[in-house]
Structures are given as C-alpha cells and as structure tokens.
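Enquirer:
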Amino acid sequence: MDIKKAIKHLIQLKDEDFARYHIYNDPIEGRIPSYLREDIIREALICGNEEATYAMEKLGMVKGIGWADLVELAQSLGIQIQFKKCDNSLQYVYFGSYEDSGVITLYEETISKGEALAQEYNIEEFKGISLREVVLAHEIFHHIEARKKDLFINSFRINLWKLGPYTHRSRLICTGEISGMAFTKRLLNLQFCPNVLDVLLLYPYNEILAEQLYKEITMSSHQKYILKSHYL
Numbered sequence: 414m415d416i417k418k419a420i421k422h423l424i425q426l427k428d429e430d431f432a433r434y435h436i437y438n439d440p441i442e443g444r445i446p447s448y449l450r451e452d453i454i455r456e457a458l459i460c461g462n463e464e465a466t467y468a469m470e471k472l473g474m475v476k477g478i479g480w481a482d483l484v485e486l487a488q489s490l491g492i493q494i495q496f497k498k499c500d501n502s503l504q505y506v507y508f509g510s511y512e513d514s515g516v517i518t519l520y521e522e523t524i525s526k527g528e529a530l531a532q533e534y535n536i537e538e539f540k541g542i543s544l545r546e547v548v549l550a551h552e553i554f555h556h557i558e559a560r561k562k563d564l565f566i567n568s569f570r571i572n573l574w575k576l577g578p579y580t581h582r583s584r585l586i587c588t589g590e591i592s593g594m595a596f597t598k599r600l601l602n603l604q605f606c607p608n609v610l611d612v613l614l615l616y617p618y619n620e621i622l623a624e625q626l627y628k629e630i631t632m633s634s635h636q637k638y639i640l641k642s643h644y645l
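All residue numbers for the sequence shown refer to the numbering used here, where the first residue is 414 and numbers rise by one.
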C-alpha cells in the first residue's frame with residue numbers, strides 16, 4: 414500500500430464516512446436498524462461537537478487550543494496524565510488509553526513513530542499538528558463520556574430481545590467513538606477527521622493491518638448507499 418496516497422484519500426473523506434466505519438464495527442452492528450443509522454451518526458457527531466464547545470468555553474478559548482490548554486482541561490476534570498514508552502500488548506498497538514479511575518496513559522514511542530512518518534511524507538494537512546495532542550484530546554472525551562450519563566451516546570439504546578413485558582436494551586460502543594472523533598476535531602480545529610491517524614500510526618508497526626484498516630474504512634464509507642439500495 415502506498416501509505417501517503419492512502420492518507421491523502423482518507424483526508425478527503427467526511428466525518429460521516431468514518432462514522433459509518435465505527436457503526437460497521439460495533440459488536441451489535443447487526444441489530445442496528447438501517448433506518449436509524451444516519452440519525453445515530455448525526456446525533457453522535459452533534460454530541461461530540463457540543464462537548465468540545467463546552468470545553469473551549471471552560472478554557473475561555475474560541476480556537477487554537479494547544480498542549481498546555483489540554484493539560485489544564487484535563488486537570489480541571491480531575492484527570493491524571495501519565496506517560497509510558499509503549500504498551501505491553503502483543504496483539505494490539507496502543508497510542509493512548511483511558512481508565513475509569515480518571516487516568517489517561519499516552520504511549521510516547523508509538524506516537525513518535527507516527528509523527529516521524531507524517532514528517533517524512535510531508536503531508537500538508539498534518540503540518541503544525543501534534544499527534545500527542547490528538548490522542549490526549551480523544552482520551553479526555555472518554556472521561557467526559559464516563560462522567561456525563563445524560564449524553565446522547567450514554568442514553569441511546571438498541572432493543573436486543575424481548576421476553577413478555579421486558580425488553581433488553583443495550584448502548585452502542587460506536588457512538589462514543591464517533592463523538593470522540595468529532596470532539597477532537599472541533600477542539601483542536603483540525604481540517605480532517607482524526608481517525609485518519611489510526612491508519613498512519615498503525616503503519617510503522619504492521620503494514621498489513623494498516624492496509625486492512627484503510628480498506629475497511631473506505632468500504633464502510635459507501636455503506637449508506639448499499640443500505641438504501643437494499644430497500645429499493
């Protein structure tokens with residue numbers, strides 16, 4: 414795979430395209446009614462954007478948030494930030510993680526490799542962008558998600574099964590990821606969906622998986638039209 418060409422293609426995709434990828438990969442994707450999917454995407458994107466606006470108001474800023482501002486925001490939310498060289502997992506590559514206790518871990522080695530790759534390919538849209546800030550902003554949103562139970566992404570439920578008068582319902586994992594990418598994009602004033610970086614950051618570690626992820630994202634971006642044609 415030509416990684417530079419792939420990244421430039423992903424940069425052109427809309428937030429809704431990446432959102433369809435997240436829905437496609439939700440553990441209960443098969444139970445999500447097709448007629449609800451675009452509504453779910455819209456509401457999840459609104460949720461992330463609104464929380465970013467609240468965060469900027471909290472900092473007294475309109476745009477141009479940097480590392481120091483993110484650290485200040487994290488501290489105001491009671492978040493502890495720690496750094497590690499890399500994760501110890503043999504199966505996955507982590508750039509950042511969030512624990513319900515309010516601890517965010519950033520994995521510096523994996524982030525640094527992604528930043529070096531972005532510099533090497535001289536991608537215009539990445540100039541002046543700190544991947545460390547992108548990862549931290551995304552994990553901050555997961556803290557907000559865990560604390561604010563009234564958010565759309567926490568209150569929305571899908572019916573899984575029914576027994577007599579009882580209906581078992583479940584929340585979706587994908588909505589938190591969709592809102593998280595919208596939050597990060599708005600907060601850092603990015604000109605592209607931050608999920609573009611998922612492919613870039615994975616590539617130095619596993620080119621095959623990075624190519625697979627790229628194909629899944631681009632395939633899922635057409636899901637809306639596939640679903641429509643199914644009901645014609």
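Positions of the beta carbon are idealized from the N, C-alpha and C atoms, including for glycine.
Remember, predicted model here, so these are calculated numbers, not experimental data.
The beta strand (DSSP E) with residue 575 in it runs from where to where?
Expert: Residues 571-576.
Enquirer: Can you list, in chain order, the residues of its chain with a C-beta nearer than 8 Å to that of residue 503? Leave out the 5 residues immediately preceding and following it.
Expert: Confidence at residue 503 is low in this model, with a pLDDT of 45, below 50, so its placement is unreliable and no value can be given for it.
Enquirer: Which of the three DSSP states, helix, strand or coil, is assigned to residue 507?
Expert: Three-state result, residue 507: coil.
Enquirer: Take the Cβ of residue 447 as the centre, count every other Cβ of all protein chains shown within 10 Å, and call the residue buried at 16 or more, exposed below.
Expert: Residue 447 is exposed by the Cβ-count criterion.
Enquirer: By Cβ distance, which residues of its chain are closer than 7 Å to residue 559, with the 5 residues on each side in sequence left out?
Expert: Here the set comprises 513.
Enquirer: Jot down the residue ranges of each uninterrupted beta strand (DSSP E) in the stretch 545-608, minimum 3 residues, whole runs only, in chain order.
Expert: Listed in chain order, they are 571-576, 579-583.
Enquirer: Which residues bound the beta strand (DSSP E) around residue 494?
Expert: Note, residue 494: beta strand (DSSP E), 493-497.
Enquirer: For residue 601 versus residue 531, is the C-beta spacing smaller than 7 Å?
Expert: No. Outside cutoff.
Enquirer: Per DSSP, which residues does residue 512 bridge with? Please list them.
Expert: BP columns for residue 512 point to 516.
Enquirer: Are residue 547 and residue 597 closer than 7 Å when you measure CB to CB?
Expert: Yes, Cβ-Cβ distance for residue 547 and residue 597 is below 7 Å.
Enquirer: Pull up the distance between the alpha-carbon of residue 415 and that of residue 469, whole angstroms please.
Expert: Roughly 37 Å separates the two Cα atoms.
Enquirer: Given a cut-off of 7 Å on the beta-carbon distance, is the pair residue 592 and residue 461 in contact?
Expert: Taking 7 Å as the Cβ cut-off, residue 592 and residue 461 qualify as a contacting pair.
Enquirer: Under the rule that 16 or more other beta-carbon atoms within 10 Å means buried, what is residue 608, buried or exposed?
Expert: Buried, because 16 or more other Cβ atoms sit within 10 Å of the Cβ of residue 608.
Enquirer: List the endpoints of the continuous alpha helix (DSSP H) containing residue 471.
Expert: 447-472 is the extent of the alpha helix (DSSP H) around residue 471.
Enquirer: Can you confirm whether the stretch 511-527 touches the stretch 433-441 when touching is taken to mean that 3 or more C-beta pairs between the two stretches lie within less than 8 Å?
Expert: Because the criterion of three Cβ pairs below 8 Å is not met, the stretch 433-441 and the stretch 511-527 do not touch.
Enquirer: Should residue 577 be labelled buried (16 or more other beta-carbon atoms within 10 Å of its own) or exposed?
Expert: Residue 577 should be labelled exposed.
Enquirer: Classify residue 426: buried if its beta carbon has 16 or more other beta carbons within 10 angstroms, exposed otherwise.
Expert: So residue 426 ends up on the buried side.
Enquirer: Compute the Euclidean distance between the alpha carbons of residue 574 and residue 587, then round it to the nearest angstrom.
Expert: In a straight line, the C-alpha of residue 574 is about 20 Å away from that of residue 587.
Enquirer: Apart from the five residues on each side of it in sequence, which residues of its chain come closer than 8 Å, Cβ to Cβ, to residue 420?
Expert: The answer, listed in chain order, is 534, 536, 609, 612, 613.
Enquirer: Which residue marks the beginning of the alpha helix (DSSP H) containing residue 488, and which one marks its end?
Expert: Residue 488 -> alpha helix (DSSP H) spans 480-489.
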